[in-house]
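To keep things clear, I will list the structure first and then write my remarks on it.
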Amino acid sequence: MRPSKDIIDKISYDFAYATGLGSVVVDLNGKEIPPWYNFTSFCQHVRKNAAFYPYCQQCDRSGGLESSKLKQVNCYRCHAGLVDFSIPIVINDSLVGFLACGQARVTDESPIPNILRDNNDMRKESRLFDLYHEVPVMNLMKIRAAAQLLNVIVENYLCKQYDVRIIKSIDPDDDTETYIGTSDLHRAKIEKIVNYINQNFSDNLNLEQMANMANLSQFYFSRLFKRMLGVGFNSYLNNKRMNEARYLLEKTEWSIDKIARNVGFCDSPYFARSFKKSFGLSPKVFRQTSAGQIMIQNSYTPSPSL
3 MRPSKDIIDK
13 ISYDFAYATG
23 LGSVVVDLNG
33 KEIPPWYNFT
43 SFCQHVRKNA
53 AFYPYCQQCD
63 RSGGLESSKL
73 KQVNCYRCHA
83 GLVDFSIPIV
93 INDSLVGFLA
103 CGQARVTDES
113 PIPNILRDNN
123 DMRKESRLFD
133 LYHEVPVMNL
143 MKIRAAAQLL
153 NVIVENYLCK
163 QYDVRIIKSI
173 DPDDDTETYI
183 GTSDLHRAKI
193 EKIVNYINQN
203 FSDNLNLEQM
213 ANMANLSQFY
223 FSRLFKRMLG
233 VGFNSYLNNK
243 RMNEARYLLE
253 KTEWSIDKIA
263 RNVGFCDSPY
273 FARSFKKSFG
283 LSPKVFRQTS
293 AGQIMIQNSY
303 TPSPSL
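My numbering applies: residue 3 is where the sequence shown begins, and numbers increase by one.
Printed below as a string of structure tokens:
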């Protein structure tokens, strides 16, 4: 994550000690990228326990993904009942991890969603029970305000200075506005992928494969592809296959099953439905119609000029 990792660490450190909340950077699996900042004694003991630590990881990861999905930073209760929030971080156009913060007890009556089911077993241990009740009690409004402040800092400062972005959505079908550029490097990557698709459209291609080949996140690849080509990846691939199928129906005597396989379809009925959706005719009817038109054209003799 360097060189931006040092800056994120600095922001994490300053935020933790300015607000009194715990803070740590975690990877996509929720695994911590040390150091911890301002962790409560309770959370330190829980995370050092092999039985409980996986729940902490899952909370940090799920909280970040939930914020991405909802396109806003939301507070939630972790498996231990404390209030946390996670901010998704994108570096060089790839989702790389989350900034996980919180570790506060909240007694407000406002409903706070649980990111995981409460794990009451840990509080049955006398030591953890005592440490849990030493965790500072904070006002929920203050935590939410702190979360929004951190979101603004990361989004505006890091985005401009270090090419780090807060991801707005991880749904490739979501058409809301996002921070996506078309640098020469990325344009070249998409052009390379388009050439690959044109030459290998009969293979079992998918979005994840192509995004990995371009070394881009699926989210960013999908948006960039649509911006440059005017259609999404799946539509482009399907159009390529359908046009090739039309050519083969017109120019060869191959069976429809063989044509389907040669343009990337294992299922002939599915191929037929896709073809009819694209051209309004089934492959069989299209071939018959096309053959009839060719016969008419070949039999036509123009009148001699006067």
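Heads up, the beta-carbon is just placed ideally off N, CA and C, and yes, glycines get one too.
Nonlocal neighbours in the same chain, by C-beta distance under 6 Å from residue i, ignoring five residues either side
i: Tyr238; result: Leu231
i: Val26; result: Glu34, Trp38 and Ala102
i: Tyr15; result: Tyr39
i: Ile195; result: Met212 and Ala216
Reduced DSSP category for residue i - H, G, I as helix; E, B as strand; rest coil
i: Arg309; result: Outside the modelled stretch of the chain, which goes from 3 to 308, sits residue 309, for which no answer is possible.
i: Leu30; result: coil
i: Gly66; result: helix
i: Tyr15; result: helix
i: Gln220; result: helix
i: Leu101; result: strand
i: Asp177; result: Annotation note: pLDDT 40 at Asp177 (below 50); position unreliable, coordinate value reported separately. The answer is coil: DSSP assigns Asp177 none of H, G, I, E or B.
i: Ser43; result: helix
i: Ile114; result: coil
i: Phe87; result: strand
i: Ser25; result: strand
i: Ala106; result: strand
i: Val75; result: coil
i: Pro37; result: strand
i: Val48; result: helix
i: Val139; result: strand
i: Asp269; result: coil
i: Leu226; result: helix
i: Phe288; result: helix
i: Ala53; result: coil
i: Ala147; result: helix
i: Ala20; result: helix
i: Asp8; result: helix
i: Asp205; result: coil
i: Glu127; result: coil
i: Cys61; result: helix
Sequence-distant residues of its chain with Cβ nearer than 7 Å to residue i (five each side left out)
i: Leu84; result: Gly104, Gln105, Ala106, Arg107 and Val137
i: Thr21; result: Ala148
i: Asn200; result: Lys242
i: Thr109; result: Val139
i: Phe235; result: Leu209, Met212, Ser224 and Phe227
i: Glu193; result: none
i: Phe2; result: Residue 2 cannot be examined here, being either before or after the span of the chain that is shown, 3 to 308.
i: Leu283; result: Thr291
i: His188; result: Leu226
i: Gln59; result: Asn31, Gly32 and Lys33
i: Asp205; result: Gly266
Neighbourhood of residue i by C-beta distance below 8 Å, restricted to the same chain and skipping five residues each side
i: Arg119; result: His81
i: Ser270; result: Ile258, Asp259 and Ala262
i: Ala18; result: Gly24, Ser25, Tyr39, Asn40 and Cys103
i: Ile168; result: Because the pLDDT at Ile168 is just 41, under 50, the model does not fix this residue reliably, and the value given afterwards should be weighed accordingly. So the qualifying residues of the chain are Ile89, Pro90, Ile91, Val92, Asn153, Val156, Glu157 and Cys161.
i: Arg63; result: Val28, Leu30, Asn31, Gly32, Ser88 and Phe100
i: Phe281; result: Met244, Arg248 and Phe288
i: Thr254; result: Ile261
i: Leu133; result: Thr42, Ser43, Phe44 and His47
i: Trp256; result: Leu250 and Asn264
Integer Cβ distance of residue i from residue j, believed to fall under 8 Å
i: Leu250; j: Ser292; result: That pair is no contact at about 11 Å.
i: Ile117; j: Gly66; result: With a Cβ gap of about 10 Å, Ile117 and Gly66 do not count as contacting.
i: Cys77; j: Arg146; result: 6 Å
i: Leu209; j: Ser224; result: 6 Å
i: Leu130; j: His47; result: 6 Å
i: Glu246; j: Val265; result: 5 Å
i: Arg79; j: Pro56; result: 17 Å between Cβ atoms; not a contact.
Closer than 8 Å to chain D by CB, residue i
i: Met244; result: Any reference to chain D falls outside this structure, which holds one protein chain only.
Query raised in the report: At a cut of 8 Å, does the segment 211 to 230 reach the segment 271 to 284 through at least three beta carbon pairs?
Result: no
Query - Cβ contact (3+ pairs, closer than 8 Å) linking the segment 42 to 59 and the segment 68 to 77 - result: no
Report task. Any chance you could list the alpha helix (DSSP H) runs of at least 4 consecutive residues sitting entirely within the segment 230 to 267, in chain order? Result -> 235 to 253 and 258 to 264
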